[in-house]
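First the structure, in the form of structure tokens, and then the observations on it.
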Amino acid sequence: AAAVRTDALTNGGNVYGITNATTPCGSFTGSIGISCSVSQFSDALHPSAISHQMMAAAALAAVPEPQTYGLMALGLGVIGAVARRRRVAA
51 AAAVRTDALT NGGNVYGITN ATTPCGSFTG SIGISCSVSQ FSDALHPSAI
101 SHQMMAAAAL AAVPEPQTYG LMALGLGVIG AVARRRRVAA
């Protein structure tokens, strides 16, 4: 776990394949055989291809569509108009 943490902090996660979506298992020089398709986690360090793709997809920040900003602006405008109307009526 310490090696993965060090990799994530100093190498951007590239050594153990944490952020490398093209090579899920990265390169491993140990004597343990690794298969990326056996289970969710092949060993204590390397995520499998499926779970790695899920983690990579979750790491991507969602960017709101322009319509989202327009709808939010419209909603804030309606709230402002209602507040102004109540203030004038009181």
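Going left to right, the sequence shown walks through residues 51 to 140 as my numbering numbers them.
No residue lacks a Cβ here, since even glycine has one placed at the ideal position from N, Cα and C.
DSSP three-state label for residue i, please.
| i | result |
| --- | --- |
| A107 | helix |
| V113 | coil |
Skipping 5 residues on each side, what residues in its chain have a beta carbon closer than 7 Å to that of residue i?
| i | result |
| --- | --- |
| R135 | none |
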